[in-house]
Amino acid sequence: MGQGMDWRTNGFFPRVTFCDLQTRDIGQSRQHTVQCVLMINMFAEKIYIFLWLWFFVFLFVAIFNFIFWIYRTMSMRSKVYLVMDALKLHNVHPTRSSVQNFISSFLKFDGVVVLRLIDSNAGYVQMADILYQLWTNFYGLNSGSLNSPSPPIFNSEAVAVGMLPRRADLLVHLYRSVAIYRYR
8 MGQGMDWRTN GFFPRVTFCD LQTRDIGQSR QHTVQCVLMI NMFAEKIYIF
58 LWLWFFVFLF VAIFNFIFWI YRTMSMRSKV YLVMDALKLH NVHPTRSSVQ
108 NFISSFLKFD GVVVLRLIDS NAGYVQMADI LYQLWTNFYG LNSGSLNSPS
158 PPIFNSEAVA VGMLPRRADL LVHLYRSVAI YRYR
């Protein structure tokens, strides 16, 4: 079609072709060449057009989803909304500045991506539980009382020596502890 050919006569799905037909009349066999309609190619053409359009629609959906994911991952407003909304499940109502501080100094880009992936694959409640544990660890709060400090996962000697655990290890540890707590 892109080369100026008619879509009904291109060679991909020919509809009409020549067939050799043999007929028998009273003891004689005659050879005829006639035009035949290839019905299977008509069906295959329709299926191919449907699949092509279907993949084209999926391409647009995938591109839109990618752009939306990039916006949600890069936008500080979206990150703040994610954290504030998830902390509401635990009756924590932080200020916007404390959430921005938490995101910029602790979660950073990869932490938000991991939380969104946990939300997509494990569920919002599990993501909110992990985020709450990270929040309490960052601000050194006890999960039972918001005013009494608890020992954070990193102690001051680990900070001085530079032996802090990686955030990914911390997220795995917190996710496992939340999963064990939920299924007791």
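Just so we're aligned: 88 in the working numbering is position 81 of the sequence shown, and the numbers increase by one with no gaps anywhere.
Quick reminder that beta carbons are idealized off the backbone N, C-alpha and C, glycines included.
Please read these numbers as outputs of a predicted model, since none were measured by experiment.
What does the alpha-carbon distance come out to for the pair residue i and residue j?
{"i": "F73", "j": "F67", "result": "10 Å"}
{"i": "Q140", "j": "L124", "result": "17 Å"}
{"i": "V121", "j": "N98", "result": "23 Å"}
{"i": "D126", "j": "S104", "result": "23 Å"}
{"i": "W142", "j": "A69", "result": "33 Å"}
{"i": "I77", "j": "P101", "result": "25 Å"}
{"i": "L89", "j": "D117", "result": "14 Å"}
{"i": "M46", "j": "F75", "result": "44 Å"}
{"i": "V44", "j": "N128", "result": "51 Å"}
{"i": "F71", "j": "A93", "result": "25 Å"}
{"i": "I56", "j": "S112", "result": "52 Å"}
{"i": "F65", "j": "S36", "result": "55 Å"}
If we count the other Cβ atoms within 10 Å of its Cβ and call it buried at 16 or more, is residue i buried or exposed?
{"i": "M134", "result": "buried"}
{"i": "W61", "result": "exposed"}
{"i": "L58", "result": "exposed"}
{"i": "K53", "result": "exposed"}
{"i": "I137", "result": "buried"}
{"i": "D27", "result": "exposed"}
Compare the beta carbon distance of residue i and residue j with 7 Å and say whether it is the shorter of the two.
{"i": "M4", "j": "V106", "result": "With the chain covering 8 to 191 only, the question about residue 4 has no answer from this structure."}
{"i": "Q29", "j": "Q42", "result": "no"}
{"i": "R22", "j": "N48", "result": "yes"}
{"i": "F63", "j": "T40", "result": "no"}
So the candidates are the options; which of them puts its Cα closest to the Cα of residue i?
{"i": "S147", "options": "V120, F109, F116, D117", "result": "Sequence inspection shows Gly at residue 147; the Ser mentioned does not correspond to that position. Comparing Cα positions, the closest option is F109."}
{"i": "F20", "options": "F50, A69, D32", "result": "F50"}
{"i": "L96", "options": "Y131, F113, R79", "result": "Y131"}
{"i": "T80", "options": "K53, L114, L94, V64", "result": "L114"}
{"i": "V119", "options": "N128, A129, K86, F145", "result": "K86"}
Residue ranges of each alpha helix (DSSP H) run of no fewer than 4 residues wholly in the segment 72-160, ordered along the chain? 83-95, 103-109, 115-128, 131-146
Hey, which unbroken runs of the alpha helix (DSSP H) at 4 residues or more fall wholly within the segment 14-71? none
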